[in-house]
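To keep things clear, I will list the structure first and then write my remarks on it.
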Amino acid sequence: MIKAKYSIWQNVKYIYSKMWQYSRSLVLYSFARMPINVVLPFLGIYLSSFVVGAVTYRYTSDKIIISVSVIMLATLVLNLISLYLSGKIQGLSLGNRVNFLKMIAEKSLSTDYENLESPSGQLKLSKATECINSNNSSGEAVVYSLIDVASSLIGIVSYATLIITINPIIIGVVIVSAFINFMILKRRNRWEIENRDNYTPIERKLSYILNCSRDFSFAKDIKIYNMSGWFGDLFTDFLNQRIYWIKKSESQGFRIDALSGILTLIRDAICYGWLVYLLFVNGLSADKFSLYFGVIAGFSGWIYGFADKWAALDNHSIKICDLRDYLEMEDKFNYGKGLPMPTDDFSIEFKNVSFCYSGSETNAIDNINLKIKNGEKIAFVGANGAGKTTLIKMLCGFYKTIGGEILVGGNNIFLYNINEYYQNICAVFQDMNFLPVSINDNITFARKKNTVTYEIDNLIEMVGLKSKIDSLPKGKDTCLGRTLSEDAIDLSGGEKQKLALARAIFQGGNILVLDEPTAALDPIAENEMYLQYNEMARGKTTIFVSHRLASTKFCDRIVMFDKGKIIEMGTHDELMQNGGKYAEMFEMQSYYYKKGCSENVLQTEK
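Each residue of the sequence shown is one higher than the one before, starting from 1 at the first, in this note's numbering.
Structure, rendered in structure tokens:
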């Protein structure tokens, strides 16, 4: 049995506190709706009883007309109020759910990168989203369940005061049967919760395949490699897995509904049998029989409604725990007040730094010690998987060390406010992402509202994009990506890298990180790009990351990584003279590059 992190009452308090913050009217409308839900059905019961009494005791016409009119008018007014409140509650509940969606988005944008990247973080996000992804989801439905539970309690107390005058045993019979029914429903809900981890990953896979099929960036590969059938088979396979769990859930539900129906039959036989006994043996009047019949039916409805809605509330509560689990996910970095960032010293030191990915048995970074002087240009090189990018992510504040510390300006980076620290990092990564907004906004992201136009123009010229942008009708106001705009454009790989560099330089940070942004270019183009980066990195502490050794010869120092450790360090000439792993790898890359060039020349001559 899975124990929920928060109780139902704790989650009710949490939901109402958020409702109160979002819209106090929603709370007030909810409370106003509760007594109306009880009074309306009772008016119907009383009207039936009155009509039977009027016929039995021959009431005067005036009394019948006045009494029925008052009851009907009260019913009409309460129905109108109920409809008004329902409309208000529905609209505000939707807004409340959207508010939770906003909270999830804000958490996703602000939480540690490691939280969002990890499989456990992704699972938490998926469960939290499930809680609020539709009108029937717990984030919105819980409001209606709370109203129904409170209404049921009011109805139980009100109707019980009438039934107790007949026979208290009837109350006991209804309560016992409702309690048994509640436990059965609760067991079903628990089954759903305990097995949710079996089908949630399947739903994520189905969602991913659907998103890929709709994403035009995948369209070229899907068409060229005829992947549509493969995608269809994958989707069918995962869909069948999901259907398997749906069938198990429905089978569980059928057995529970059948048992619940039997309990209801036994309860009704006892309660209504007693009323019939009173009617024929004890001389219960017809109008009283009608009233008590309706009250017992209503009381049973309130009891069963309470059991059903409480079980639903219990289910909602567990899902709200998932929502809170994501929103309250702990961050490792400092988002509060931190040390002031340095102004002129951006030296970097890795002291006994180690890191291990979740689920891995070996360290990706193993006891790294390295000092980088302020303003120094240094290269991290090595084969793929050597640990270069992992170390860069730790420096950028994406991962927290499991051992050792990273110092910038002489202080541990965890002592700085992480958002202030980010402002001092300008980075260009291998995977570059741009939003479907203007080129200008992709550079600035509106961070500096008073940025003068010529500053952006100079930056665009500096990175070599001036001729491209001048050729566009809207210039730098041209949108990227055709997702949202018909007149948008797609940049080439090299142009995207230049735009990413412009964005990094605009950030204005004092530490420049270039993590294999040119991996898709040929060696000559990559070398030219790195030389351009080098010119723009003047005065910044800069780290170039590459697995192509020839591109980083200009750096002050080159650090060679292998299996998460530093195996060599020095200038290019020093490392070549040492004749170690760096020299061996450099010669090998040079050989294959020269061989490739020779073959291209021969093919051209032919």
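Backbone N, C-alpha and C fix where the C-beta goes; we use that ideal spot for every residue, glycine too.
Predicted, not measured: the structure shown is a model, and the values here were computed from it.
Take the Cβ of residue i as the centre, count every other Cβ of all protein chains shown within 10 Å, and call the residue buried at 16 or more, exposed below.
i	result
serine 17	exposed
asparagine 440	buried
tryptophan 9	exposed
glycine 142	Going by the sequence as given, residue 142 is valine instead of glycine. Flag for valine 142 reads buried.
glutamine 21	exposed
tyrosine 277	exposed
methionine 19	buried
glutamate 584	exposed
glycine 493	exposed
tyrosine 84	exposed
alanine 504	buried
isoleucine 169	exposed
asparagine 384	exposed
leucine 531	exposed
glycine 382	buried
glutamate 194	exposed
leucine 415	exposed
valine 12	buried
leucine 73	exposed
leucine 94	exposed
tryptophan 310	buried
methionine 588	exposed
phenylalanine 586	buried
aspartate 148	buried
tryptophan 230	exposed
So if DSSP puts residue i in a beta bridge, which residue, or which two residues, is it bridged to?
i	result
cysteine 479	Ser438
glycine 403	Ser354
isoleucine 425	Ile511
asparagine 411	Val408
tyrosine 29	Its beta-bridge partners do not exist; DSSP assigns none.
aspartate 562	Lys565
lysine 377	Thr542
arginine 557	Ile378
glycine 570	Ile558
isoleucine 368	Val353
isoleucine 36	The partner list for isoleucine 36 (beta bridge, DSSP) is empty, contrary to what the question assumes.
leucine 339	Tyr416
Note down the Cα distance separating residue i from residue j, rounded to an integer number of angstroms.
i	j	result
threonine 478	isoleucine 456	14 Å
arginine 97	tyrosine 6	20 Å
asparagine 534	methionine 576	22 Å
serine 471	leucine 499	16 Å
isoleucine 256	threonine 264	12 Å
glutamate 516	asparagine 135	45 Å
lysine 102	aspartate 197	25 Å
serine 591	serine 551	Residue 591 is actually tyrosine in this sequence, not serine. Cα to Cα, the separation comes out at about 15 Å.
serine 137	alanine 54	48 Å
valine 173	asparagine 189	24 Å
glycine 387	asparagine 417	26 Å
alanine 488	valine 463	21 Å
threonine 161	isoleucine 154	11 Å
proline 201	leucine 123	8 Å
phenylalanine 42	threonine 56	21 Å
leucine 465	glycine 579	40 Å
glutamine 497	glutamate 528	12 Å
alanine 364	serine 438	38 Å
glutamate 250	serine 360	39 Å
aspartate 366	phenylalanine 350	11 Å
isoleucine 81	phenylalanine 31	13 Å
histidine 547	serine 213	33 Å
valine 559	glutamate 486	46 Å
phenylalanine 445	phenylalanine 434	11 Å
serine 67	isoleucine 36	20 Å
Write down the C-beta distance between residue i and residue j rounded to the nearest angstrom, noting that I regard them as a contact closer than 8 Å.
i	j	result
phenylalanine 182	alanine 4	Their Cβ separation, rounded to whole angstroms, is 17 Å, which puts phenylalanine 182 and alanine 4 out of contact at 8 Å.
serine 69	serine 290	Contact flag wrong, Cβ pair sits at about 20 Å.
phenylalanine 380	leucine 391	7 Å
phenylalanine 235	isoleucine 209	5 Å
tyrosine 304	alanine 178	5 Å
isoleucine 320	isoleucine 104	Wrong, their Cβ atoms sit about 13 Å apart, outside the cutoff.
leucine 259	phenylalanine 238	The pair is not a contact, with the Cβ atoms about 33 Å apart (cut-off 8 Å).
asparagine 510	threonine 541	7 Å
methionine 34	alanine 150	5 Å
isoleucine 460	alanine 427	No, isoleucine 460 and alanine 427 are not in contact; Cβ-Cβ is about 19 Å, not under 8 Å.
Can you find a CB in chain D that lies within less than 7 Å of the CB of residue i?
i	result
arginine 267	Annotation note: the requested chain D is absent from the structure, which comprises a single protein chain.
Regarding residue i and the ligand ADP, is the C-beta to nearest heavy atom distance less than 6 Å?
i	result
glycine 397	Here there are no bound small molecules, and the ligand ADP is not part of this structure.
Task: In chain order, each alpha helix (DSSP H) run of at least 4 residues that lies wholly inside the stretch 226-253 - done: none
Task: Within the stretch 55-140, ranges of the alpha helix (DSSP H) (whole runs, at least 4 residues) - done: 61-110, 113-117 and 119-130
- [ ] Could you tell me which uninterrupted beta strand (DSSP E) segments, each at least 3 residues in length, are contained entirely in the stretch 252-331, listed from first to last along the chain?
- [x] none
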